[in-house]
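Take a look at the structure set out below.
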Amino acid sequence: MLPAPLWVLALVAGLCVGSFLNVVVHRLPRMLELRWKDDCFALANPDAPLPERPVYNLAVPRSACPHCGHRIRWYENIPLASWLALRGRCSGCKAPISARYPLVEAATGVLTVLVVAQVGIGWETLWALLLTWSLIALTLIDYDTTLLPDDITLPLLWLGLLVAIPAGGVSLEDAVIGGAAGYLSLWLVYHAFRLATGKEGMGYGDFKLLAALGAWLGWQKLALVIVLSSGVGAVVGIALILLAGRDRARPIPFGPFLATAGFLAFLWGDALLAGPLRLFNFT
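Position 55 of the sequence shown, counted from 1, bears residue number 54 in numbering that gives the first Met the number 0, the numbering being contiguous throughout.
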């Protein structure tokens, strides 16, 4: 059992990271869009300099109210507490501030505490938290934009392979096979679906995310991730169509389901696999 100060430290760290993830989720897709526009301009105008535009990244410009432009002061940016103190409204124009911001902060704080409780304290805790925080960011970005940025999925894949080198959990061999199998499995499903229907059923970002999860979890847990994500995705999709009247032709991002299944498999994969085995007397 960890001492109380460590629980508090984990919660505070998670809240602060959650605040940063809100920035990443909002700005990274826009940064990618600006990068793509520059690439298109360079292809169309190879001899012309790129058009100048204000600096826009994860640090610049400072956060501001989208309604009135009020610059967010440091004491208005304290995770969870500031939103509650402001009663969910901008201090400048009183426009409502989305409740999603404190919810992301709170969820990240709770998941951080959960990871620390399950993994304990050590280097493996840092890697587990980096995986968890990355999955949160990917879930929200894919939900908003149907994009799973290479800026997160590819570093996550390489980090999973590097973490496997000391062989403290997943062996390097299992991580390499898991990464390759994760990518190829969805790649094959994608092309089989496209040949059968003439439509694209998912994006390449899903391949890369499952490859990253395969590197972190090893090939042995990939089937669990696919079953969990497909099952939950099917239930949610049917519920959205029947209960919320969602258009059947409107695609549902698969990344959030992959990320959720990967997180569950990372923390409780062995128990989830052992349950069915015991049920059918395979162990």
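C-beta: ideal position from N, C-alpha, C; glycine also.
CB of residue i within 8 Å of CB of residue j, strictly
i	j	result
A179	L160	no
L79	L14	yes
E104	G168	no
L185	F206	yes
L10	T111	yes
G213	G177	yes
L134	D141	no
L57	V23	yes
Y189	G200	yes
F61	I71	According to the sequence shown, residue 61 is Arg rather than Phe. It is a contact, given that the beta carbons lie within the stated cut-off.
L263	L227	yes
L20	A98	no
I55	R88	Correcting the residue identity first, residue 55 is Tyr in this sequence and not Ile. Going by C-beta atoms, Y55 is not nearer than 8 Å to R88.
Exposure of residue i, with buried meaning 16 or more beta-carbon neighbours within 10 Å
i	result
T152	buried
G197	exposed
V284	Past the boundaries of the shown model lies residue 284; the chain is included only from 0 to 282, so the question cannot be answered.
L278	Low per-residue confidence applies at L278: pLDDT is 48, beneath 50, and the placement is therefore not dependable, though the value from the model is reported in the following sentence. L278 comes out exposed.
K220	buried
D149	exposed
Y74	exposed
S18	buried
G119	exposed
A43	exposed
A210	buried
A260	buried
A84	exposed
G204	buried
L257	buried
N76	exposed
V293	The structure shown does not extend to residue 293, since the chain is modelled only from 0 through 282, so no value can be given for it.
G121	exposed
G274	exposed
V162	buried
L33	exposed
L128	buried
L1	exposed
G268	buried
L241	exposed
A41	exposed
L130	buried
L208	buried
L187	exposed
Integer-rounded CB distance, given that residue j should sit under 8 Å from residue i
i	j	result
G236	I251	5 Å
W132	V16	6 Å
F265	W218	So it is not a contact: roughly 14 Å between Cβ atoms.
W82	Y100	6 Å
L49	D37	5 Å
Inset, instruction - Report yes or no: do the region 55-73 and the region 83-94 share at least 3 C-beta pairs separated by less than 8 Å? - result: yes
Legend entry - Inside the region 143-211 only - alpha helix (DSSP H) runs reaching at least 4 residues: Whole alpha helix (DSSP H) segments, 4+ residues: 149-163 and 171-196.
Legend entry - Length-filtered (4 minimum) alpha helix (DSSP H) runs lying within the region 64-95: 80-84
Legend entry - alpha helix (DSSP H) segments (min. 4 residues) lying fully within the region 94-144: 99-118 and 122-144
Legend entry - Runs of alpha helix (DSSP H) wholly within the region 12-69 (minimum 4 residues, chain order): none
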